[in-house]
Amino acid sequence: MLLTGWGVGENHWGGLAEQARVKGDWLVAMPQGLDARKAMIIGTAGFTAMLCVMALEDAGVRPQDGEIVVTGASGGVGSTAVALLHKLGYQVVAVSGRESTHEYLKSLGASRILPRDEFAESRPLEKQVWAGAIDTVGDKVLAKVLAQMNYGGCVAACGLAGGFTLPTTVMPFILRNVRLQGVDSVMTPPERRAQAWQRLVADLPESFYTQAAKEISLSEAPNFAEAIINNQIQGRTLVKVN
(Lines of atoms letter the chains of each structure in order from A; the text may use other names.)
(Lines give C-alpha, C1' and ligand atoms only; values in the text may rest on other atoms or scores of the structure.)
Protein backbone atom coordinates (compact mmCIF):
# COMPACT_ATOMS: atom_id res chain seq x y z
CA MET A 1 0.00 0.00 0.00
CA LEU A 2 0.96 3.64 -0.56
CA LEU A 3 0.33 6.58 1.73
CA THR A 4 1.13 10.21 0.92
CA GLY A 5 -0.49 13.40 2.11
CA TRP A 6 -3.59 13.64 4.32
CA GLY A 7 -1.44 15.48 6.88
CA VAL A 8 0.55 12.39 7.90
CA GLY A 9 3.88 13.57 9.27
CA GLU A 10 2.41 17.08 9.42
CA ASN A 11 -0.80 17.06 11.48
CA HIS A 12 -0.59 13.37 12.38
CA TRP A 13 2.41 11.62 13.89
CA GLY A 14 3.96 8.73 11.99
CA GLY A 15 5.29 9.97 8.67
CA LEU A 16 8.39 7.80 9.10
CA ALA A 17 6.83 5.08 11.27
CA GLU A 18 7.30 1.40 10.47
CA GLN A 19 3.63 0.78 11.31
CA ALA A 20 0.69 3.17 11.44
CA ARG A 21 -3.06 3.03 11.88
CA VAL A 22 -4.75 5.35 9.37
CA LYS A 23 -8.04 5.70 7.56
CA GLY A 24 -8.47 3.17 4.78
CA ASP A 25 -9.49 5.89 2.32
CA TRP A 26 -6.02 7.40 2.66
CA LEU A 27 -4.36 4.31 1.19
CA VAL A 28 -3.67 3.52 -2.45
CA ALA A 29 -2.96 -0.01 -3.62
CA MET A 30 0.58 -0.34 -4.94
CA PRO A 31 0.24 -0.44 -8.75
CA GLN A 32 1.70 -3.38 -10.62
CA GLY A 33 5.17 -2.43 -11.79
CA LEU A 34 6.10 -0.55 -8.61
CA ASP A 35 7.80 -1.72 -5.44
CA ALA A 36 8.28 0.19 -2.20
CA ARG A 37 11.69 1.53 -3.20
CA LYS A 38 10.56 2.81 -6.59
CA ALA A 39 7.42 4.30 -5.05
CA MET A 40 9.45 6.31 -2.56
CA ILE A 41 11.95 7.44 -5.20
CA ILE A 42 8.84 8.96 -6.79
CA GLY A 43 7.52 10.07 -3.40
CA THR A 44 5.10 12.87 -2.67
CA ALA A 45 7.10 15.14 -4.98
CA GLY A 46 6.69 12.83 -7.96
CA PHE A 47 3.03 12.30 -7.19
CA THR A 48 2.53 16.08 -7.15
CA ALA A 49 4.39 16.40 -10.46
CA MET A 50 2.05 13.85 -12.04
CA LEU A 51 -0.98 15.79 -10.80
CA CYS A 52 0.47 18.93 -12.42
CA VAL A 53 0.98 17.15 -15.74
CA MET A 54 -2.59 15.83 -15.57
CA ALA A 55 -3.82 19.38 -14.90
CA LEU A 56 -2.13 20.60 -18.09
CA GLU A 57 -3.66 17.72 -20.03
CA ASP A 58 -7.10 18.49 -18.59
CA ALA A 59 -6.66 22.08 -19.81
CA GLY A 60 -6.01 20.83 -23.34
CA VAL A 61 -2.26 21.52 -23.49
CA ARG A 62 -0.72 19.14 -26.02
CA PRO A 63 2.91 18.47 -27.08
CA GLN A 64 2.40 20.15 -30.44
CA ASP A 65 1.24 23.40 -28.80
CA GLY A 66 4.72 24.60 -27.86
CA GLU A 67 7.24 24.65 -25.04
CA ILE A 68 6.40 23.86 -21.41
CA VAL A 69 8.39 25.69 -18.74
CA VAL A 70 9.10 24.08 -15.37
CA THR A 71 10.26 26.37 -12.56
CA GLY A 72 12.23 25.10 -9.59
CA ALA A 73 13.25 22.30 -11.91
CA SER A 74 16.08 20.94 -9.79
CA GLY A 75 13.73 20.17 -6.90
CA GLY A 76 11.76 16.98 -6.36
CA VAL A 77 8.56 18.11 -8.06
CA GLY A 78 10.29 19.99 -10.85
CA SER A 79 12.76 17.26 -11.79
CA THR A 80 10.03 14.61 -11.94
CA ALA A 81 7.87 16.95 -14.02
CA VAL A 82 10.74 17.37 -16.50
CA ALA A 83 11.11 13.59 -16.84
CA LEU A 84 7.36 13.02 -17.23
CA LEU A 85 6.83 15.78 -19.79
CA HIS A 86 9.80 14.63 -21.86
CA LYS A 87 8.55 11.04 -21.89
CA LEU A 88 5.12 12.30 -23.04
CA GLY A 89 6.66 14.16 -25.98
CA TYR A 90 6.64 17.76 -24.72
CA GLN A 91 9.46 20.23 -25.31
CA VAL A 92 10.58 21.09 -21.78
CA VAL A 93 12.43 24.21 -20.65
CA ALA A 94 13.78 24.02 -17.10
CA VAL A 95 14.34 27.01 -14.82
CA SER A 96 16.97 26.50 -12.13
CA GLY A 97 19.06 28.70 -9.89
CA ARG A 98 21.78 26.08 -9.52
CA GLU A 99 24.21 25.70 -12.42
CA SER A 100 25.49 22.46 -10.90
CA THR A 101 22.17 20.78 -11.78
CA HIS A 102 22.15 21.62 -15.49
CA GLU A 103 23.58 18.31 -16.72
CA TYR A 104 21.22 16.43 -14.42
CA LEU A 105 18.21 18.28 -15.85
CA LYS A 106 19.36 17.65 -19.41
CA SER A 107 19.64 13.94 -18.62
CA LEU A 108 15.99 14.01 -17.48
CA GLY A 109 14.90 15.54 -20.77
CA ALA A 110 15.16 19.33 -20.55
CA SER A 111 15.83 20.77 -24.01
CA ARG A 112 17.27 23.95 -22.56
CA ILE A 113 17.78 25.56 -19.16
CA LEU A 114 17.16 29.14 -18.09
CA PRO A 115 18.63 30.84 -15.01
CA ARG A 116 16.20 31.84 -12.29
CA ASP A 117 17.47 35.44 -12.48
CA GLU A 118 15.62 35.88 -15.80
CA PHE A 119 12.34 35.54 -13.89
CA ALA A 120 13.06 38.14 -11.20
CA GLU A 121 11.00 40.98 -12.69
CA SER A 122 8.09 41.15 -15.12
CA ARG A 123 5.66 43.47 -16.84
CA PRO A 124 1.89 42.83 -16.79
CA LEU A 125 2.13 41.27 -20.26
CA GLU A 126 5.20 40.10 -22.17
CA LYS A 127 5.94 38.24 -25.39
CA GLN A 128 4.03 34.97 -25.62
CA VAL A 129 6.47 32.11 -25.03
CA TRP A 130 4.93 29.16 -23.18
CA ALA A 131 2.09 26.79 -24.07
CA GLY A 132 2.02 25.51 -20.51
CA ALA A 133 3.90 25.73 -17.25
CA ILE A 134 4.45 23.89 -14.00
CA ASP A 135 5.42 26.28 -11.22
CA THR A 136 6.84 25.24 -7.86
CA VAL A 137 8.18 28.66 -6.87
CA GLY A 138 5.38 31.23 -6.73
CA ASP A 139 5.88 34.96 -6.16
CA LYS A 140 7.73 36.93 -8.89
CA VAL A 141 8.67 33.80 -10.84
CA LEU A 142 5.02 32.79 -11.22
CA ALA A 143 4.10 36.36 -12.16
CA LYS A 144 6.74 36.31 -14.93
CA VAL A 145 5.49 32.97 -16.25
CA LEU A 146 1.89 34.21 -16.36
CA ALA A 147 2.95 37.30 -18.31
CA GLN A 148 4.66 35.09 -20.92
CA MET A 149 1.92 32.51 -21.47
CA ASN A 150 0.54 31.83 -24.92
CA TYR A 151 -3.11 32.57 -25.58
CA GLY A 152 -5.19 29.84 -23.94
CA GLY A 153 -2.22 28.42 -22.02
CA CYS A 154 -2.35 26.88 -18.56
CA VAL A 155 -0.09 27.15 -15.51
CA ALA A 156 -0.24 24.38 -12.90
CA ALA A 157 0.94 25.97 -9.65
CA CYS A 158 1.85 23.69 -6.75
CA GLY A 159 4.55 25.40 -4.69
CA LEU A 160 5.75 28.52 -2.93
CA ALA A 161 9.49 27.96 -2.63
CA GLY A 162 10.06 31.60 -3.61
CA GLY A 163 7.23 33.10 -1.56
CA PHE A 164 3.47 33.05 -1.19
CA THR A 165 2.64 36.41 -2.77
CA LEU A 166 1.69 36.84 -6.44
CA PRO A 167 2.53 40.29 -7.88
CA THR A 168 0.54 39.97 -11.10
CA THR A 169 -2.48 41.60 -12.76
CA VAL A 170 -5.67 40.30 -14.34
CA MET A 171 -4.28 41.00 -17.83
CA PRO A 172 -2.99 37.48 -18.66
CA PHE A 173 -6.37 36.07 -17.68
CA ILE A 174 -8.72 38.49 -19.42
CA LEU A 175 -6.60 39.30 -22.50
CA ARG A 176 -4.95 35.95 -23.20
CA ASN A 177 -7.44 33.51 -21.71
CA VAL A 178 -4.71 32.08 -19.46
CA ARG A 179 -5.70 29.54 -16.82
CA LEU A 180 -3.98 29.37 -13.42
CA GLN A 181 -4.72 25.94 -11.99
CA GLY A 182 -3.83 25.25 -8.37
CA VAL A 183 -2.58 21.73 -7.60
CA ASP A 184 -2.73 20.24 -4.10
CA SER A 185 -1.49 16.72 -3.42
CA VAL A 186 -2.38 16.52 0.28
CA MET A 187 -6.16 16.22 0.03
CA THR A 188 -6.43 14.77 -3.48
CA PRO A 189 -9.48 12.47 -3.69
CA PRO A 190 -8.77 8.70 -3.71
CA GLU A 191 -9.87 8.14 -7.33
CA ARG A 192 -7.57 10.88 -8.63
CA ARG A 193 -4.73 9.50 -6.50
CA ALA A 194 -5.09 6.04 -8.00
CA GLN A 195 -5.14 7.50 -11.51
CA ALA A 196 -1.97 9.49 -10.84
CA TRP A 197 -0.05 6.49 -9.51
CA GLN A 198 -1.11 4.37 -12.47
CA ARG A 199 0.08 7.13 -14.79
CA LEU A 200 3.42 7.32 -12.99
CA VAL A 201 4.02 3.63 -13.65
CA ALA A 202 3.23 4.12 -17.34
CA ASP A 203 4.81 7.52 -17.97
CA LEU A 204 8.02 7.67 -15.92
CA PRO A 205 11.02 6.37 -17.87
CA GLU A 206 12.86 3.47 -16.24
CA SER A 207 16.02 5.59 -16.23
CA PHE A 208 14.38 7.89 -13.67
CA TYR A 209 14.84 5.25 -10.98
CA THR A 210 18.59 5.03 -11.56
CA GLN A 211 19.18 8.57 -10.28
CA ALA A 212 21.08 9.06 -7.05
CA ALA A 213 19.00 7.73 -4.16
CA LYS A 214 20.85 7.77 -0.85
CA GLU A 215 19.56 5.47 1.88
CA ILE A 216 19.80 6.70 5.47
CA SER A 217 18.77 5.43 8.89
CA LEU A 218 15.89 6.89 10.87
CA SER A 219 18.34 8.55 13.28
CA GLU A 220 19.91 10.46 10.39
CA ALA A 221 16.60 11.90 9.19
CA PRO A 222 16.67 15.17 11.23
CA ASN A 223 20.07 16.22 9.86
CA PHE A 224 19.08 15.37 6.29
CA ALA A 225 15.80 17.24 6.72
CA GLU A 226 17.77 20.37 7.60
CA ALA A 227 20.01 19.90 4.56
CA ILE A 228 16.95 19.55 2.31
CA ILE A 229 15.49 22.76 3.72
CA ASN A 230 18.81 24.50 3.00
CA ASN A 231 18.72 23.32 -0.65
CA GLN A 232 21.82 21.15 -0.21
CA ILE A 233 20.42 17.82 -1.46
CA GLN A 234 20.05 16.62 -5.05
CA GLY A 235 18.24 13.43 -5.94
CA ARG A 236 16.32 11.31 -3.45
CA THR A 237 16.89 10.43 0.20
CA LEU A 238 15.22 7.20 1.31
CA VAL A 239 14.74 6.53 5.03
CA LYS A 240 15.11 2.89 6.10
CA VAL A 241 12.46 2.83 8.82
CA ASN A 242 12.93 -0.86 9.63
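Residue numbers 1 to 242, in UniProt numbering, belong to the letters of the sequence shown in order.
Here a beta-carbon is modelled for each residue, glycine too, at the ideal position from N, C-alpha and C.
Residue i (DSSP reduced to helix, strand or coil)
| i | result |
| --- | --- |
| Thr237 | strand |
| Glu67 | coil |
| Tyr151 | strand |
| Ala194 | helix |
| Leu166 | coil |
| Val77 | helix |
| Val82 | helix |
| Arg179 | strand |
| Val186 | coil |
| residue 285 | This structure leaves residue 285 out entirely; the chain is present only between 1 and 242. |
| Leu2 | strand |
| Ala157 | strand |
| Val145 | helix |
| Val22 | coil |
| Ala221 | helix |
| Glu121 | coil |
Residues that DSSP places opposite residue i in a beta bridge
| i | result |
| --- | --- |
| Leu27 | Partner(s): none; Leu27 has no beta bridge. |
| Leu114 | Val95 |
| Gln232 | In DSSP, Gln232 forms no bridge with anything. |
| Arg8 | The residue you asked about is not Arg; residue 8 is Val in the sequence shown. Val8 is bridged to His12. |
Endpoints, alpha helix (DSSP H) assigned at residue i
| i | result |
| --- | --- |
| Glu215 | First-last for Glu215: 213-217, but that is the beta strand (DSSP E), not the alpha helix (DSSP H). |
| Leu175 | 171-175 |
| Arg37 | 36-58 |
| Tyr104 | 102-108 |
Identity of the residue in the options nearest residue i by Cα
| i | options | result |
| --- | --- | --- |
| Arg157 | Gly9, Gln32, Thr48 | According to the sequence as given, residue 157 is Ala; it is not Arg. Ranking the options by Cα distance to Ala157, first place goes to Thr48. |
| Ala55 | Arg236, Leu180, Gly235 | Leu180 |
| Gly138 | Gly182, Ile174, Gly152 | Gly182 |
| Val170 | Asp184, Ala147, Arg192, Gly152 | Ala147 |
| Gly162 | Phe119, Ala202, Met187, Trp26 | Phe119 |
| Leu175 | Gly152, Asp203, Lys38 | Gly152 |
| Arg123 | Ala225, Leu114, Pro167, Gln91 | Pro167 |
| Ala221 | Gly7, Gly15, Asp58 | Gly15 |
| Val95 | Thr165, Glu103, Arg116 | Arg116 |
| Ala39 | Glu226, Ala202, Trp197, Val241 | Trp197 |
| Val201 | Ser217, Lys87, Ala17 | Lys87 |
| Ile58 | Asp203, Ser111, Val155, Gly43 | Per the sequence shown, residue 58 should be read as Asp rather than Ile. It is Val155. |
| Arg236 | Gly43, Gly33, Ser107, Gly109 | Gly43 |
| Met50 | Ile113, Ile233, Ala194, Ile229 | Ala194 |
| Val28 | Arg112, Leu85, Gln91, Glu191 | Glu191 |
| Ala73 | Glu103, Thr210, Pro63, Leu125 | Glu103 |
| Val77 | Arg199, Ser185, Leu3 | Ser185 |
| Ser111 | Gly89, Glu121, Arg98 | Gly89 |
| Val93 | Met187, Gly60, Val129 | Val129 |
| Asn214 | Asn230, Thr165, Arg199, Lys240 | It should be pointed out that residue 214 corresponds to Lys in this sequence rather than to Asn. It is Lys240 whose Cα lies nearest to the Cα of Lys214. |
| Ser100 | Phe208, Asn231, Leu3 | Asn231 |
Start and end residues, beta strand (DSSP E) containing residue i
| i | result |
| --- | --- |
| Asp135 | 130-135 |
Per the contact definition of three or more C-beta pairs closer than 8 angstroms, is the stretch 67-74 in contact with the stretch 131-148?
With the cut-off at 8 angstroms, the stretch 131-148 and the stretch 67-74 touch.
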